[in-house]
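In our numbering, the protein residues as written are 1 to 70.
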Amino acid sequence: MLTNQAIVIINLATWGVSILIAVVFSLIAVFCENQYIEIKPEGIIGIATLLGTFSFTMTGFIAAIGAYII
1 MLTNQAIVII NLATWGVSIL IAVVFSLIAV FCENQYIEIK PEGIIGIATL
51 LGTFSFTMTG FIAAIGAYII
């Protein structure tokens, strides 16, 4: 079972990692010469399907973890 303290520590670590990744990507975007990826119009359906499938899968995964913890 997770304790309150463990949940708080994991939460803070997750936020810290997320902020660090956002800062790194922002610095790369500002200081490096990057090129944008061009997405062809016919590829949008495949990308949307992939993102939708991933979203449904992660929702179920998180629900299963929540049910296990409870």
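C-beta atoms are modelled at their ideal positions from N, C-alpha and C, and glycine is treated no differently.
| Item | Value |
| --- | --- |
| Residue interval of the alpha helix (DSSP H) (run including MET1) | It is not in any alpha helix (DSSP H) - MET1 carries neither H nor E in the DSSP assignment. |
| Uninterrupted beta strand (DSSP E) stretches inside the region 10–52 (no shorter than 3 residues) | none |
| Cα-Cα separation between ASN4 and TRP15, rounded to whole angstroms | 17 Å |
| Coil, strand or helix - ILE65 by DSSP | helix |
| Euclidean distance between Cα positions of THR49 and TYR36 | 22 Å |
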